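Here is the structure we will look at.
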Amino acid sequence: MSLNVFWFIPTHGDSRYLGTSKGARAVDADYLKQVAVAADSLGYDGVLLPTGRSCEDPWIVASSLINVTKKLKFLVAVRPGLSTPGLAVRMASTFDRLSNGRLLINVVTGGDPQELEADGLFADHAERYEISGEFIRIWRGALAGEGGEAGFHFEGKHLQVKGAKTLYPPVQKPYPPLYFGGSSEAAHALAAEQMDVYLTWGEPPAAVAEKIADIRARAARHGRTVRFGIRLHVIVRETNEAAWRAADELISHLDDEVIAKAQSVFARMDSEGQRRMAALHGGRRDKLEVSPNLWAGVGLVRGGAGTALVGDPETVAERIREYAALGIETFIFSGYPHLEESYRFAELLFPLLGKGGHAGEQSLSGPFGEVMATELLPRRAA
Ligand SMILES: Cc1cc2nc3c(=O)[nH]c(=O)nc-3n(C[C@H](O)[C@H](O)[C@H](O)COP(=O)(O)O)c2cc1C
Numbered sequence: 174m175s176l177n178v179f180w181f182i183p184t185h186g187d188s189r190y191l192g193t194s195k196g197a198r199a200v201d202a203d204y205l206k207q208v209a210v211a212a213d214s215l216g217y218d219g220v221l222l223p224t225g226r227s228c229e230d231p232w233i234v235a236s237s238l239i240n241v242t243k244k245l246k247f248l249v250a251v252r253p254g255l256s257t258p259g260l261a262v263r264m265a266s267t268f269d270r271l272s273n274g275r276l277l278i279n280v281v282t283g284g285d286p287q288e289l290e291a292d293g294l295f296a297d298h299a300e301r302y303e304i305s306g307e308f309i310r311i312w313r314g315a316l317a318g319e320g321g322e323a324g325f326h327f328e329g330k331h332l333q334v335k336g337a338k339t340l341y342p343p344v345q346k347p348y349p350p351l352y353f354g355g356s357s358e359a360a361h362a363l364a365a366e367q368m369d370v371y372l373t374w375g376e377p378p379a380a381v382a383e384k385i386a387d388i389r390a391r392a393a394r395h396g397r398t399v400r401f402g403i404r405l406h407v408i409v410r411e412t413n414e415a416a417w418r419a420a421d422e423l424i425s426h427l428d429d430e431v432i433a434k435a436q437s438v439f440a441r442m443d444s445e446g447q448r449r450m451a452a453l454h455g456g457r458r459d460k461l462e463v464s465p466n467l468w469a470g471v472g473l474v475r476g477g478a479g480t481a482l483v484g485d486p487e488t489v490a491e492r493i494r495e496y497a498a499l500g501i502e503t504f505i506f507s508g509y510p511h512l513e514e515s516y517r518f519a520e521l522l523f524p525l526l527g528k529g530g531h532a533g534e535q536s537l538s539g540p541f542g543e544v545m546a547t548e549l550l551p552r553r554a555a
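Position in the sequence shown (first residue = 1) + 173 = this note's numbering.
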């Protein structure tokens, strides 16, 4: 089984427990660098950087991390409609060149009209998807050099370009791969038509299987294939009991009032994906295991990805294999706090997932742990 395993750059803060500053940390340049370097040296394939007003800008953060990492890919969010397509094309191309082909694009249409209006984008759900479709068509045409010498022309309902060209072309051909999430009908249609990888938040396997089947069927009608990925939190510990205890502790500082407030913010959004996440728990904290080892506690207050795989390493690996069997190739994980949990996940899961390089292997003082009494090497674990 060859899976792509990504981690997450926490540009909207990082906590030990949700909802309290206890054990939380400042997310500054040094900390973001630590998380990225950890992910890179542990052997994660990439990292996701989210976008939105609650986040530091993903392009600036990702740029700051190119030169402190070696192989790590950056899945950077682009919001169609916030910049002109030409500017987005140039940013992507420059990033791909400076990172020597380590850019992946996450196309984020956005699901909160209030937030988008604050950013200057006034469009309803259907119009936003029309804008996304046109934006990405231009993006692809300009980066792939369609139109040759004359450049790429496009005249859509919302966007147009005349003679769009990329004089400094991207390293990846024809352009850096396009990832994309969204659960509405319009999102599925756009994924099937133009995207390379469809991402879903961590819904139960049966629901994910339905989405995959729908997008595959739609893509086939365009003569295309789409690959699949999933975004999940993870709470893995050496035993199942310890993992479930850690899940309880993560939300132990949340009171019902904060949960209700968060849910009312999600309720004003027009995102089908967000609605599906919220429906998993219905705002209640007493029925959070929504399918075996899939826990919806994070989504009580966090927008977007709201579920976690919870369990001991073998159990979590089994759940990952279940999703992989449905056709999921890319897993984007995170855990609180992101630095420590990147190590814990690599240490406990990478050997079970056949991922190379886990914590400790690159240590000069090891290779497998601290030397004792100046000369005794630790026993190698089975
Ligand atoms: C893996 C994944 C990552 C996403 N990242 C972001 C993000 O960074 N910022 C954001 O505003 N929306 C993000 N979204 C939300 C979607 O891009 C989309 O805008 C939202 O689901 C509304 O579309 P829908 O109504 O089709 O579900 C993400 C979705 C998925 C599945």
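Don't be surprised by glycine CBs; every beta carbon is placed ideally from N, CA and C. Note that this is a predicted model, so its numbers are computed, not measured.
Just to confirm my understanding: we take residue i, look at its own chain, exclude 5 residues before and 5 after, and list those with CB closer than 6 Å. What are they?
i           : result
residue 307 : 329, 331, 332
residue 478 : 374, 404
residue 473 : 432
residue 552 : none
residue 298 : 443
residue 357 : 445
In or out: residue i buried (at least 16 other Cβ within 10 Å) or exposed?
i           : result
residue 558 : The shown model of the chain, from 174 to 555, leaves out residue 558, and the question about it has no answer.
residue 410 : buried
residue 175 : exposed
residue 514 : buried
residue 229 : buried
residue 282 : buried
residue 303 : buried
residue 279 : buried
residue 243 : exposed
residue 508 : buried
residue 450 : buried
Leaving out five residues before and five after residue i in sequence, what residues of the same chain have Cβ atoms less than 7 Å from its Cβ?
i           : result
residue 198 : 187, 204, 510
residue 400 : 369, 370, 502
residue 469 : 453, 454, 461, 463, 479, 480
residue 284 : 442, 443, 444, 446, 447
Helix, strand or coil for residue i per DSSP?
i           : result
residue 514 : helix
residue 406 : strand
residue 491 : helix
residue 229 : coil
residue 503 : strand
residue 454 : helix
residue 375 : coil
residue 210 : helix
residue 326 : strand
residue 295 : coil
residue 537 : Residue confidence is low: residue 537 scores 49 on pLDDT, short of 50, so the model does not pin down where it sits. Its coordinate-derived value is still stated next. Note: residue 537 maps to coil in three-state DSSP.
residue 354 : strand
residue 187 : strand
residue 336 : strand
residue 531 : Per-residue confidence for residue 531 stands at a pLDDT of 44, beneath the threshold of 50, marking its modelled position as unreliable; no derived number is given.
residue 433 : helix
residue 400 : strand
residue 427 : coil
residue 240 : coil
Using a Cβ-Cβ cut-off of 8 Å (strictly less than) and excluding sequence neighbours within five positions of residue i, which residues of its own chain qualify?
i           : result
residue 532 : Caution is warranted here: a pLDDT of 44 is assigned to residue 532, below 50, making its placement in the model unreliable, and the coordinate value is therefore given only provisionally. These residues qualify, in order along the chain: 215, 516, 519, 520.
residue 345 : 269, 274, 276
residue 397 : 365, 366
residue 247 : 219, 220, 222, 235, 238, 239, 268, 272, 275, 276, 277
residue 327 : 307, 310, 311, 314, 333, 334, 337
In the DSSP output, what is residue i paired with across the bridge?
i           : result
residue 247 : 220, 276
residue 253 : 256
residue 468 : 462, 481
Would you check whether ligand 2 has a heavy atom nearer than 7 Å to the C-beta of residue i?
i           : result
residue 354 : Ligand 2 is not among the ligands present in this structure, which contains only ligand 1.
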